[in-house]
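Student: If you're matching them up, the sequences are chains A and B in order. In our numbering, each residue carries its 1-based index in the first sequence increased by 26. In our numbering, each residue carries its 1-based index in the second sequence increased by 10. Ideal Cβ placement from N, Cα and C applies to all residues, glycine included. This is the structure I have questions about; it appears just below.
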Amino acid sequence: DTGVSQDPRHKITKRGQNVTFRCDPISEHNRLYWYRQTLGQGPEFLTYFQNEAQLEKSRLLSDRFSAERPKGSFSTLEIQRTEQGDSAMYLCASGLTRTGGNGNTIYFGEGSWLTVV
Amino acid sequence: AQSVTQLDSQVPVFEEAPVELRCNYSSSVSVYLFWYVQYPNQGLQLLLKYLSGSTLVESINGFEAEFNKSQTSFHLRKPSVHISDTAEYFCAVSERRDDKIIFGKGTRLHILP
Chain A
27 DTGVSQDPRH KITKRGQNVT FRCDPISEHN RLYWYRQTLG QGPEFLTYFQ
77 NEAQLEKSRL LSDRFSAERP KGSFSTLEIQ RTEQGDSAMY LCASGLTRTG
127 GNGNTIYFGE GSWLTVV
Chain B
11 AQSVTQLDSQ VPVFEEAPVE LRCNYSSSVS VYLFWYVQYP NQGLQLLLKY
61 LSGSTLVESI NGFEAEFNKS QTSFHLRKPS VHISDTAEYF CAVSERRDDK
111 IIFGKGTRLH ILP
């Protein structure tokens with residue numbers, strides 16, 4: 027049984043570099059969510075997908091952040107021109123939902139830690 | 011847009027004592043409510059959720075939460091805590107129309123021996 031997997035688990039990058047995180051959801055799940063979590067805070071919603079459609083991206087933190095789910099399976103989150111304030115854990119979650127919502131449980135991956143130096 | 015407030019960032023409690031972790035939400039439409047738990051060095055996992063029907067929901071490890079629409083609350087309770095309950099607890103809300111799940115800032119439950 028494979029859960030949500032994220033890669034890489036840890037990334038150290040220099041300020042100004044671009045980074046990309048990958049998320050592979052549970053195979054039959056149509057919803058995929060990205061969150062950011064900093065120490066002592068709850069997961070902060072960034073964006074989510076229904077299959078390949080991005081349902082909301084207004085909460086992406088700046089135009090340096092972008093996410094894709096091109097074939098409705100795996101997703102990538104890219105941060106361009108990283109800044110020290112981007113250091114955080116980036117969490118992916120997936121779930122199975124009907125159109126309009128049904129209170130689905132979402133399952134989280136282990137997260138990808140980003141450190142910008 | 012929906013939001014969640016967890017008033018207590020940390021709650022210390024003695025082992026075998028009761029505990030209540032408070033959660034209030036804000037939304038202009040009907041919601042689903044969740045509690046997720048994060049044990050030390052583990053990922054987030056669902057503890058319990060309210061979708062509809064009975065306003066009192068229970069988890070398999072003795073936690074319960076009650077949906078109170080008039081007070082827009084979904085407080086989590088356990089009558090007797092164990093050291094293994096040490097974790098961070100996150101309340102979350104999603105509006106029924108879209109399943110966009112928004113989390114609170116979390117409450118760290120610290121069990122005292």
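With a threshold of 16 other CB atoms inside 10 Å of the CB of residue 41 of chain B, please say whether the residue is buried or exposed.
Tutor: Along the second sequence, read from residue 1 onward, the residue named residue 41 of chain B stands at position 31. Residue 41 of chain B comes out buried.
Student: Answer with yes or no whether the minimum CB distance from residue 80 of chain A to chain B is below 7 Å.
Tutor: Along the first sequence, one-based indexing puts residue 80 of chain A at 54. Residue 80 of chain A does not count as touching chain B.
Student: Assuming residue 102 of chain A and residue 48 of chain A form a contact by the criterion Cβ under 8 Å, report the distance between their Cβ atoms to the nearest whole angstrom.
Tutor: Translated into the one-based positions of the first sequence, residue 102 of chain A becomes position 76. Translated into the one-based positions of the first sequence, residue 48 of chain A becomes position 22. Their Cβ separation, rounded to whole angstroms, is 5 Å, which keeps residue 102 of chain A and residue 48 of chain A in contact under 8 Å.
Student: Could you confirm whether any beta carbon from chain E is found closer than 7 Å to the beta carbon of residue 63 of chain B?
Tutor: Protein chains A and B are contained in the structure displayed, whereas chain E is not.
Student: Between which residues of its own chain and residue 39 of chain A is the CB-CB distance below 8 Å, once the five residues before and five after are set aside?
Tutor: Locating residue 39 of chain A in the first sequence gives position 13, where the first residue counts as 1. Same-chain partners within the cutoff: 45, 108, 140, 141, 142, 143.
Student: What residues in the region 68–101 of chain A bring their beta carbon closer than 8 Å to a beta carbon of chain B?
Tutor: Flagged, chain order: 68, 69, 70, 71, 74, 81, 82.
Student: Starting from the C-beta of residue 86 of chain A, find all residues in its chain whose C-beta is less than 6 Å away, skip the five residues before and the five after it, and write them out in chain order.
Tutor: Numbered from its first residue, the first sequence carries residue 86 of chain A at position 60. Only 72, 73 meet the Cβ criterion.
Student: If the cut is a Cβ gap below 7 Å, which residues of chain A does residue 113 of chain B touch?
Tutor: Taking the second sequence and counting its residues from 1, one reaches residue 113 of chain B at position 103. Result: 68, 69.
Student: Determine the DSSP secondary structure at residue 187 of chain A, reduced to helix, strand or coil.
Tutor: The structure shown does not extend to residue 187 of chain A, since chain A spans only 27 to 143, so no value can be given for it.
Student: The ligand SAH and residue 54 of chain A: does the residue's C-beta get closer than 6 Å to at least one heavy atom of that ligand?
Tutor: By its list of ligands, the structure shown contains no ligand whatsoever, and the ligand SAH lies outside what it can speak to.
Student: Anything in chain A within Cβ reach of residue 42 of chain B, meaning under 7 Å, just list it in chain order.
Tutor: As a working note, residue 42 of chain B is residue 32 in the second sequence. 129, listed in chain order.
Student: According to DSSP, is residue 121 of chain A helix, strand or coil?
Tutor: Looking up residue 121 of chain A in the first sequence gives position 95. Strand, per DSSP.
Student: Using only CA atoms, which one of B:116, B:107, B:112 lies nearest to residue 128 of chain A?
Tutor: For the purposes of this step, residue 128 of chain A is taken as the residue at position 102 of the first sequence. Taking only the C-alpha atoms, the option nearest residue 128 of chain A is B:107.
Student: By the 10 Å Cβ neighbour count, where 16 or more other Cβ atoms means buried, how is residue 63 of chain B classified, buried or exposed?
Tutor: Start at 1 with the first residue of the second sequence, and residue 63 of chain B comes out as number 53. Residue 63 of chain B comes out exposed.
Student: Just to make sure I have the definition right: I need the residues of chain A whose C-beta is within less than 9 Å of the C-beta of residue 100 of chain B. Which are they?
Tutor: In the second sequence, residue 100 of chain B corresponds to position 90, counting from 1. Neighbours of residue 100 of chain B on chain A, chain order: 68, 69.
Student: In whole angstroms, what is the alpha-carbon distance linking residue 91 of chain A and residue 116 of chain A?
Tutor: Here the question's residue 91 of chain A lines up with position 65 in the first sequence. Here the question's residue 116 of chain A lines up with position 90 in the first sequence. C-alpha separation (whole angstroms): 12 Å.
Student: Measuring straight from C-alpha to C-alpha, what distance separates residue 52 of chain B and residue 30 of chain B?
Tutor: Taking the first residue of the second sequence as 1, we reach residue 52 of chain B at position 42. Taking the first residue of the second sequence as 1, we reach residue 30 of chain B at position 20. Those two C-alpha atoms are separated by around 23 Å.
Student: Give the interface partners of residue 123 of chain A over in chain B, defined as CB-CB distance under 8 Å, in chain order.
Tutor: Along the first sequence, one-based indexing puts residue 123 of chain A at 97. Near residue 123 of chain A (Cβ distances below 8 Å), the residues of chain B are 109.
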